[in-house]
Amino acid sequence: MLNKYARAFFTRVLTPFAALLLRLGVSPDAVTLIGTAGVMAGALVFFPMGEFFWGTIVITLFVFSDLVDGNMARQAGISSRWGAFLDSTLDRVADGAIFAGFALWYAGSGDDNILCAVAIFCLASGQVVSYTKARGESIGLPVAVNGLVERAERLVISLVAAGLAGLHAFGVPHIDILLPIALWIVAAGSLVTLIQRVVTVRRESAEADAAAAHSAAEGPAGQGSGADR
Numbered sequence: 001m002l003n004k005y006a007r008a009f010f011t012r013v014l015t016p017f018a019a020l021l022l023r024l025g026v027s028p029d030a031v032t033l034i035g036t037a038g039v040m041a042g043a044l045v046f047f048p049m050g051e052f053f054w055g056t057i058v059i060t061l062f063v064f065s066d067l068v069d070g071n072m073a074r075q076a077g078i079s080s081r082w083g084a085f086l087d088s089t090l091d092r093v094a095d096g097a098i099f100a101g102f103a104l105w106y107a108g109s110g111d112d113n114i115l116c117a118v119a120i121f122c123l124a125s126g127q128v129v130s131y132t133k134a135r136g137e138s139i140g141l142p143v144a145v146n147g148l149v150e151r152a153e154r155l156v157i158s159l160v161a162a163g164l165a166g167l168h169a170f171g172v173p174h175i176d177i178l179l180p181i182a183l184w185i186v187a188a189g190s191l192v193t194l195i196q197r198v199v200t201v202r203r204e205s206a207e208a209d210a211a212a213a214h215s216a217a218e219g220p221a222g223q224g225s226g227a228d229r
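For the sequence shown, our numbering gives the first residue as 1, with consecutive numbering after it.
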């Protein structure tokens, strides 16, 4: 839902920065790798310590690499299947690290097994949501549904909540409740999105199989009719 508008806006904003990196000789793949490493560091170093504000700041600084690398590749005319594969693969790694950081906090100092389980569910469901679309497209289906909560929504909801929850360390009372609320929202939204995509793939595959069977049944008859003439 957010992807179409947010990506278009930030792509325009980050285009000059992408051009600068190209002039400095930085490659799109390097930006992808550095961005992923930065997100992982922010999530797996700061979040397990309960430093949600600073962790979110670090992650936010690096998460935009996901837009910069593709922008650089297009400007340089070097867009490739490898670049798209690397970018998508490392996106999954970065997303997993964010929710793993939440899970580690709740498994340790956060001392909440239920929220630890919710964070793990967010991690797993986010990966499966992405996989359902990729797998559906790989077998030739359009998967013509995005769903309620895509990657952009998962990141925005969880990171905004984490950043605000981090203000509790600066004396803002009760604001730390936002992170548990956000995790429950992401978990529920991811489940709905997963169901939406599975139902869509089931319908599209049934339609594709029926169309293929119909074509196969008509093929021999059509050839025979042509031969009779």
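Think of the CB as a built atom: it goes at the ideal place given N, C-alpha and C, for glycine as much as any other residue.
In this structure, DSSP gives D111 a state outside helix and strand, which the three-state scheme calls coil. Fewer than three Cβ pairs drawn from the stretch 68–87 and the stretch 46–55 lie within less than 8 Å of each other, which leaves the two stretches out of contact. The straight-line gap separating the alpha-carbon atoms of D69 and T56 is approximately 21 Å.
For V63, the closest of R154, S215, V145, V198 by C-alpha to C-alpha distance is R154.
Taking 8 Å as the cut-off, the beta carbon of E218 is found no closer than this to the beta carbon of L141. Cα atoms of A188 and I98: separation of roughly 17 Å, rounded to the nearest angstrom.
Non-local beta-carbon contacts of C116 in its own chain, meaning distances under 7 Å to residues more than five positions away in sequence, involve A103, Y106, A107 in chain order.
Under the Cβ criterion (8 Å, minimum of three pairs), the stretch 160–176 does not count as touching the stretch 19–28.
Taking the Cα of A144 as reference, the smallest distance to any Cα among T32, P180, C122, R197 is reached at R197.
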